[in-house]
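Participant:
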Amino acid sequence: MANTVNSQAETNVSEHDCGMMTEICNFCQALSLLAKRIELQQQVYQMLSRWIAPLYSTERFKPGYGQLYIFDVSEANSRRLENNPSCLSSVMEKLDALLRTINPYVESYLQMHQLIQSNPTVNIKMIFMEHTDLDMRRYNALTSRTEVAAIFVGDDGEPPANRDICIYPIGEGCKNISTLNHCKDPMVYPLLFPRGEQGWSNEIEHVEERRSAKRNRVTQLQFYAYRLSVRSAFSLLQSSGKLFQQYVVDAYVKTEGSRLNYIRLNQKDLRVEFYRGLLDALTTRASNNNLRVGKLVILPSSFQGSPRSMQQNYQDAMAMVRKFGRPDLFVTFTCNPSWPEILNAMQGRERPENRPDIVVRVFKMKLSELLDDLIKRKVFGCVTSYIYVIEFQKRGLPHCHILLTLDSSSKIRTKDDIDKLS
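For the record, in the sequence shown the residue sitting at position 155 is 155 according to the UniProt record's numbering, with numbers rising by one throughout.
Below you can see the structure in the form of structure tokens.
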């Protein structure tokens with residue numbers, strides 16, 4: 001989505017003016033096959049979830065998202081532009097036509113619509129399969145199949161698996177889509193994955209040299225780290241501006257949510273019985289206030305960023321102060337988006353604010369070098385202990401606070417000692 005029209009130059013690929021890059025999120029949201037729902041909880045926390053609707057809308061709801069692909073291109077885009085007036089109509093039509101041509105999910109919607117039109121009295125459903133080894137014996141006759149979905153006739157078969165996405169012709173309301181389903185990423189971000197490239201699945205295995213006796217599956221963190229890796233070839237994902245930022249946040253939320261869900265489902269394996277005193281105290285307090293105790297889930301200190309983890313880190317820091325004394329120096333290290341290392345890594349029209357992956361990697365390397373200067377090269381003297389924490393500013397740039405405790409021979413006691421540091 002370039003800001004200017006460029007003619008064909010060194011390559012045979014023509015570029016088209018698609019408006020400002022600030023509209024890319026609106027284009028992607030309008031062409032998404034899944035609806036977005038935000039739930040406000042306690043006026044602070046917003047939970048973002050994705051929902052899928054039946055093939056046809058009812059009188060209560062306007063057609064939207066995946067339902068629009070069964071309409072004519074012009075009619076579908078006129079409905080999309082009602083909610084996105086800042087998007088260019090010509091660009092919306094070109095993107096819609098492109099997805100109808102190469103996107104397997106859009107193809108599945110169109111095939112199901114055509115089957116229903118030719119067989120109006122037959123029950124038909126479409127399943128986007130979580131597992132590729134779908135047992136066809138569980139269902140009735142297979143009518144059609146694309147790269148990502150299977151369309152069945154009849155309703156005598158068993159219900160689909162827990163994380164399979166099943167679409168019926170007509171129904172009330174929408175169904176929530178599991179964050180573990182590999183169809184979610186390409187259905188939410190059709191502009192980033194126009195050919196329907198699948199997202200993370202727990203079926204992805206490590207290559208032979210990376211396998212171990214304990215772990216043979218690729219984790220969500222490893223999968224998204226692989227996708228965010230910088231390569232020499234052009235990356236549509238990393239060149240998508242604000243949409244890339246949205247994708248990174250979405251990936252983080254899904255990964256963090258999976259970790260929390262594992263903790264919730266494996267309380268016994270995490271030995272939460274050691275917190276029995278805490279559970280008893282909560283039960284007693286609830287009883288005194290005539291409250292009913294719900295299901296208690298203990299978030300262990302091993303979960304980074306949890307209150308118990310923060311408290312443990314604080315206690316460790318206080319133990320270091322008790323042993324080595326109070327810190328002598330307070331050092332703040334702030335990221336600069338104009339660092340040459342960051343600017344040199346930008347490609348084309350990329351800007352540092354749209355490449356948080358590069359910004360944090362450069363910051364981490366420079367921070368490691370700074371710590372080597374302070375600890376190993378002893379630029380301020382011999383360091384007996386140090387504590388640091390990384391924070392993010394409101395504009396997204398990281399910075400680090402470092403506390404240094406110096407050896408008695410290196411402590412700053414006079415104005416001459418201060419002059420030596422400068």
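Beta carbons: idealized from backbone N, C-alpha and C, even for Gly.
Could you give the residue range of the beta strand (DSSP E) that holds Y386?
Facilitator: Taking the sequence shown and counting its residues from 1, one reaches residue 386 at position 386. It spans V383 to F392 - the beta strand (DSSP E) in which Y386 sits, taken as one unbroken run.
Participant: According to DSSP, which residues form a beta bridge with T332?
Facilitator: Along the sequence shown, one-based indexing puts residue 332 at 332. DSSP output for T332 lists H401 as bridge partner(s).
Participant: Classify I127 as buried or exposed, calling it buried when 16 or more other Cβ atoms lie within 10 Å of its own Cβ.
Facilitator: As a first step, residue 127 must be located in the sequence shown, where it is residue number 127. Looking at its Cβ environment, which holds 16 or more other Cβ atoms inside 10 Å, I127 is buried.
Participant: Is the Cβ-Cβ distance between P186 and L31 less than 8 angstroms?
Facilitator: Residue 186 sits at position 186 when you count from the first residue of the sequence shown. Residue 31 sits at position 31 when you count from the first residue of the sequence shown. No; because the gap between Cβ atoms is not below 8 angstroms, this pair is not in contact.
Participant: Considering K411, what are the terminal residues of the alpha helix (DSSP H) in which it resides?
Facilitator: Stepping through the sequence shown from its first residue, residue 411 is reached at position 411. Segment: none, K411 is in no alpha helix (DSSP H) and carries neither H nor E.
Participant: Which residue or residues does DSSP assign as beta-bridge partners of T77?
Facilitator: Here residue 77 refers to the residue found at position 77 of the sequence shown. It should be pointed out that residue 77 corresponds to Asn in this sequence rather than to Thr. Answer is none; N77 lacks a bridge partner.
Participant: Nearest-angstrom Cα distance between R210 and I204?
Facilitator: What you label residue 210 is simply residue 210 of the sequence shown in a count that begins at 1. What you label residue 204 is simply residue 204 of the sequence shown in a count that begins at 1. Roughly 13 angstroms between the two C-alpha positions.
Participant: For the pair the segment 377 to 387 and the segment 402 to 412, tell me if three or more CB-CB distances fall below 8 angstroms.
Facilitator: yes
Participant: CB C25 to CB L243, shorter than 8 angstroms?
Facilitator: On the sequence shown, position 25 is the one that residue 25 refers to. On the sequence shown, position 243 is the one that residue 243 refers to. Yes.
Participant: Tell me whether E205 sits in a helix, a strand or coil according to DSSP, three-state version.
Facilitator: As a first step, residue 205 must be located in the sequence shown, where it is residue number 205. Of the three classes helix, strand and coil, the one that applies to E205 here is strand, per DSSP.
Participant: Please report the Cβ distance between Y386 and C400, rounded to the nearest whole angstrom; I am assuming they are in contact, meaning their Cβ atoms lie under 8 angstroms.
Facilitator: As a working mapping, residue 386 is identified with position 386 in the sequence shown. As a working mapping, residue 400 is identified with position 400 in the sequence shown. No, Y386 and C400 are not in contact; Cβ-Cβ is about 11 angstroms, not under 8 angstroms.
Participant: Use the C-beta contact count for A233: other C-beta atoms within 10 angstroms, 16 or more gives buried, fewer gives exposed.
Facilitator: Here residue 233 refers to the residue found at position 233 when the sequence shown is read from its first residue. Label assigned to A233: exposed.
Participant: Note down the Cα distance separating E93 from L33, rounded to an integer number of angstroms.
Facilitator: Taking the first residue of the sequence shown as 1, we reach residue 93 at position 93. Taking the first residue of the sequence shown as 1, we reach residue 33 at position 33. Going from the Cα of E93 to the Cα of L33 covers about 16 angstroms.
Participant: Taking Cβ positions, are S239 and G66 nearer each other than 8 angstroms?
Facilitator: Sequence index remark: in the sequence shown, residue 239 carries index 239 (1-based). Sequence index remark: in the sequence shown, residue 66 carries index 66 (1-based). When the beta-carbon positions are compared, S239 and G66 stay at least 8 angstroms from each other.
Participant: Near D357, which residues of its chain fall below 6 angstroms by C-beta distance, leaving aside the five closest residues on each side in sequence?
Facilitator: Position 357 of the sequence shown, counting from 1, holds the residue named residue 357. These residues qualify, in order along the chain: L228.
Participant: How far does the alpha helix (DSSP H) with F128 in it extend, from its first residue to its last?
Facilitator: Position 128 of the sequence shown holds residue 128. Looking at the DSSP string, F128 is not in any alpha helix (DSSP H); the run it does join, the beta strand (DSSP E), is I124 to F128.
Participant: Would you decide whether M346 is buried or exposed? Buried here means 16 or more other CB atoms lie within 10 Å of its CB.
Facilitator: As a first step, residue 346 is located in the sequence shown; it is residue number 346 there, counting from the start. By the 10 Å Cβ count, M346 comes out exposed.
Participant: Quick one: is M112 buried, meaning 16 or more other Cβ sit within 10 Å of its Cβ, or exposed?
Facilitator: Locating residue 112 in the sequence shown gives position 112, counting from the first residue. Per the 10 Å Cβ criterion, buried.
Participant: Could you tell me if A251 is buried or exposed, where buried requires 16 or more neighbouring beta carbons within 10 angstroms of its beta carbon?
Facilitator: Within the sequence shown, residue 251 is the residue found at index 251, counting from 1. It is buried - the Cβ of A251 has at least 16 other Cβ atoms within 10 Å.
Participant: Excluding the 5 residues preceding and the 5 following C87 in the sequence, name in chain order all residues of the same chain whose CB lies nearer than 8 angstroms to its CB.
Facilitator: Locating residue 87 in the sequence shown gives position 87, where the first residue counts as 1. Cβ neighbours of C87 beyond the five flanking positions: G19, E23, N26, F27, A30, R80 and L81.
Participant: Among the residues of its own chain, which have a CB less than 8 angstroms from the CB of D407, if the five just before and after it don't count?
Facilitator: The sequence position of residue 407 within the sequence shown is 407, counting from 1. Answer for D407: G381, C382, V383 and T384, listed in chain order.
Participant: Decide if the segment 324 to 343 is in contact with the segment 352 to 368; the criterion is three or more beta carbon pairs, one per stretch, under 8 angstroms apart.
Facilitator: Touching, yes, given that three or more Cβ pairs across the two stretches are closer than 8 angstroms.
Participant: Along the chain, where does the alpha helix (DSSP H) that runs through N26 open and close?
Facilitator: The residue labelled residue 26 in the question sits at position 26 within the sequence shown. First-last of the alpha helix (DSSP H) with N26: I24 to L31.
Participant: Looking only at its chain, what residues have a beta carbon closer than 7 angstroms to the beta carbon of L236, apart from the 5 residues adjacent to it on each side?
Facilitator: By 1-based counting over the sequence shown, the position of residue 236 is 236. In the same chain as L236, and ignoring 5 residues on each side of it, the C-beta atoms closer than 7 angstroms to its own belong to L192, in chain order.
Participant: Just how far apart, CA to CA, sit D419 and K376?
Facilitator: Position 419 of the sequence shown, counted from the first residue, corresponds to residue 419. Position 376 of the sequence shown, counted from the first residue, corresponds to residue 376. If I take the Cα positions, the gap works out to 22 angstroms.
Participant: Do Y69 and G196 have their CB atoms nearer than 8 angstroms?
Facilitator: The residue you call residue 69 lines up with position 69 of the sequence shown. The residue you call residue 196 lines up with position 196 of the sequence shown. Cβ distance not < 8 angstroms, so Y69 and G196 don't count as in contact.
Participant: S212 to T334, Cα distance in whole Å?
Facilitator: On the sequence shown, residue 212 is found 212 positions in, with the first residue counted as 1. On the sequence shown, residue 334 is found 334 positions in, with the first residue counted as 1. So the alpha carbons of these two residues sit roughly 39 angstroms apart.
Participant: Have a look at N123 and L55 and give me their C-alpha separation to the nearest angstrom.
Facilitator: Within the sequence shown, numbered from 1, the residue matching residue 123 stands at position 123. Within the sequence shown, numbered from 1, the residue matching residue 55 stands at position 55. Their Cα atoms are separated by approximately 13 angstroms.
Participant: What are the boundary residues of the alpha helix (DSSP H) that includes N181?
Facilitator: For the purposes of this step, residue 181 is taken as residue 181 along the sequence shown, with counting starting at 1. Neither: N181 is in no alpha helix (DSSP H) and is coded neither H nor E.
Participant: Tell me whether L191 sits in a helix, a strand or coil according to DSSP, three-state version.
Facilitator: Taking the first residue of the sequence shown as 1, we reach residue 191 at position 191. Residue state, collapsed to three classes: coil.
Participant: Of the choices T284, I298 and R292, whose alpha-carbon is the least far from that of L265?
Facilitator: Within the sequence shown, residue 265 is the residue found at index 265, counting from 1. With distances taken between CA atoms, L265 lies nearest to I298 out of T284, I298 and R292.
Participant: How long is the line joining the alpha carbons of Q114 and F71, rounded to whole angstroms?
Facilitator: Within the sequence shown, the letter at position 114 stands for residue 114. Within the sequence shown, the letter at position 71 stands for residue 71. Distance between the alpha carbons of Q114 and F71 is about 12 angstroms.
Participant: Determine the DSSP secondary structure at A345, reduced to helix, strand or coil.
Facilitator: As a first step, residue 345 must be located in the sequence shown, where it is residue number 345. Correct three-state label for A345: coil.
Participant: DSSP on L406, reduced to helix/strand/coil?
Facilitator: Position 406 of the sequence shown holds residue 406. Residue state, collapsed to three classes: strand.
Participant: Relative to the C-alpha of R259, which candidate in Q304, N119, R231 and A35 has its C-alpha closest?
Facilitator: The residue labelled residue 259 in the question sits at position 259 within the sequence shown. Out of Q304, N119, R231 and A35, the CA that lies nearest to the CA of R259 is found in Q304.
Participant: Might you give, ordered along the chain, the residues of its own chain that have their beta carbon closer than 6 angstroms to the beta carbon of Q198, omitting 5 neighbours on each side?
Facilitator: In the sequence shown, counting from the first residue as 1, residue 198 sits at position 198. Cβ within range, chain order: H182.
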